[in-house]
Structure formats: structure tokens, C-alpha cells
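Residue numbers (the numbering used here), protein chains in the order written: chain A, 1 to 122; chain B, 1001 to 1122. These notes concern the structure reproduced below.
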DNA sequence: TCGGATAGGGATAAACTTTTCCCCTATTGC
DNA sequence: GCAATAGGGGAAAAGTTTATCCCTATCCGA
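Written out as C-alpha cells, the structure is:
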């Protein structure tokens, strides 16, 4: 496991939420688990751009941060189900707020993001 | 300027907001600018852990994404002031929501984050 | 018996971000 | 002439995250 050399800032609420939500696929993972897609293979089909490896790593972090729980069924072939903890559920309205803002301003956001991307390749 | 090799996902609102808020100091920058700390040197005093270089880079990105504007006064010594655009202002309640969740769950968050950090160094 | 479904992990490479180091502009005041 | 002020940026190193590749194992169906 990679060991951090620089300690994170944990001064205020914004630092703290940043620390647990940080990771390319984490918000999506929480969102899909909340929608009832609980098994790893299902999540991977929902997020095809991520490799299985990264999803496992980020699921583990979410679990360590008490946002989801992992239930392993001792059957063959293996079966695993993730679900939100109570704590994780309190985060859903916050994620909804983020998504709503993005949806509301979708056209403008897409425009400014693409403009900047293209400028990079000038 | 660094040129990305992997294009970002821009499928949904969550992707879009992630794209503009991504950056270690951006949320803090927006927050302090909103509170009236508009000059670069002032922002740097408020965020002493960041170097001036990074702040400049991230301020530029915020500007490119139409969240803030930069006004340069042609005086000596130079004077620069940042302020939120109208668009940037719509983001403030969203950031407040993030901060509130973090503040509400501060104790628990700090606990799970530190537990994971220590486990890394096991 | 082979292929695919289930789940997982180590090692290493590539991508990306942030920091560090050193440099620059121009004027005012001593 | 030189320091202080208030702003900025290029290049390279360090830090961190994500991707790629190749393994483990069992069972089911063709």
C-alpha cells in the first residue's frame, strides 16, 4: 500500500469531506451503490472506464472511511455485496446537491471546460 | 502548460462539477474570495500551506472556468483583485453544503480518516 | 476440457498534481 | 545603487493516483 509522505489538512469540514470523497470514481461508486447496484461486477459494468483494480481500491477506502460495508457470502463462485452505512446515507443529499448544480449548469460548464481543454492544445 | 493525455469524463453533472472543483486549494480559494479576501497576497496569507505558484495556477483555472474574474490595476506596485463571477456565486451554497456536512460529522470523520492513515503505517 | 463467470491481489508503469528552486518586471524610498 | 513591495512564470523534482499486466481459485455450461 502506498504510504503518504505529506499529511492531509484536516482543519475544517471542507478538508474532511474532501479527504473521504477524493478519488476518481468514489462519488460514482457511492451513487450506484445507493441505487441498488451492490455487487462488484455490477458496479464495474456501470463504470466501464475504470479498471476492476481501481474500483477495488476505492471501495476499500470507502469501507475504511465507514461510508459503505462489505458483505462476503461464503459461496462459490464468490458473492460480495456492498451497501451504504448509515453514515454513508447522510452523504447522499450532499452528493445530490453537487449533481444538481452540475446538471443545472451543464451547458455552461461543458462550454468552459472544453474551451480550456482546447486552449491547452493551442 | 501541462497537456492532458486522458480526456475527462463529462457525462453528467457530477463529472462536470468535479472537473471545475478539482484541485487541492480551489474550494478554499473560492471560499476566501467570497469572504472578501481578494488580493493574491491576502489569499496566500490565508492559505500558508500552499505556495504562491500553485495558488496562481489554480486561480488561473478558476478564472478559465468562469468562476472568478481577475482585475489588474495598472499601478506600481502592481495590484490585483479577484472576485466571484455570477456563475461562481451560484456555487457558494453548494460549497456551504459540503462544509456543513463535514462540520456536522467532524468527530467521526477525523476518527475514521486517522484510523486509516495509521493503518497505512502499520 | 475449455471458456467464462465470480472475486481478489502484487508489481510496475504511466499519468497527473503539487512543490521546490530560481528567475523576472517596475517603481519608490533610503 | 540597492532593498522592499506586489505581482508573475519556467523547469524539474517530488508526491500521489490510476492504469496495465499477469496471477490466484471454483464452478457451470458448451
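Even glycine gets a Cβ: it sits at the ideal position worked out from N, Cα and C.
Bounding residues of the alpha helix (DSSP H) (the contiguous stretch that carries residue i)
i: residue 47 of chain A; result: Here residue 47 of chain A belongs to no alpha helix (DSSP H), and DSSP marks it neither H nor E.
i: residue 26 of chain A; result: 26–34
i: residue 56 of chain A; result: 52–64
i: residue 1020 of chain B; result: 1013–1021
Residue-level contact to chain A via CB, residue i, 8 Å cutoff
i: residue 1045 of chain B; result: no
i: residue 1097 of chain B; result: yes
i: residue 1029 of chain B; result: no
i: residue 1094 of chain B; result: yes
i: residue 1009 of chain B; result: yes
Test: residue i CB closer than 8 Å to a CB of chain B
i: residue 32 of chain A; result: no
i: residue 84 of chain A; result: no
Beta strand (DSSP E) segment containing residue i, residue limits
i: residue 1070 of chain B; result: 1068–1073
i: residue 80 of chain A; result: 79–84
Proximal chain A residues relative to residue i, where beta-carbon distance stays under 9 Å
i: residue 1116 of chain B; result: 61, 64, 65
i: residue 1013 of chain B; result: 98, 99, 100, 101, 102, 103, 104, 105, 106, 109
Under 8 Å from the C-beta of residue i: neighbouring residues of chain B
i: residue 4 of chain A; result: 1117, 1120
i: residue 52 of chain A; result: Ordered by position in chain B, no residue passes the 8 Å Cβ test against residue 52 of chain A, which lies about 18 Å from the chain.
i: residue 113 of chain A; result: 1008, 1010, 1016, 1019, 1020, 1065
Inter-residue CB distance, residue i and residue j (contact presumed, cutoff 8 Å)
i: residue 1091 of chain B; j: residue 1055 of chain B; result: Contact flag wrong, Cβ pair sits at about 18 Å.
i: residue 71 of chain A; j: residue 86 of chain A; result: Incorrect: roughly 15 Å between the Cβ atoms, too far for contact.
i: residue 23 of chain A; j: residue 61 of chain A; result: 6 Å
i: residue 1084 of chain B; j: residue 98 of chain A; result: That pair is no contact at about 18 Å.
Cross-chain neighbours of residue i in chain A, by beta carbon under 7 Å
i: residue 1109 of chain B; result: 16, 20
Within chain A, the residues that residue i reaches when beta carbons sit closer than 8 Å
i: residue 1091 of chain B; result: 101
Length-filtered (4 minimum) alpha helix (DSSP H) runs lying within the segment 1086–1122 of chain B: 1086–1104, 1106–1120
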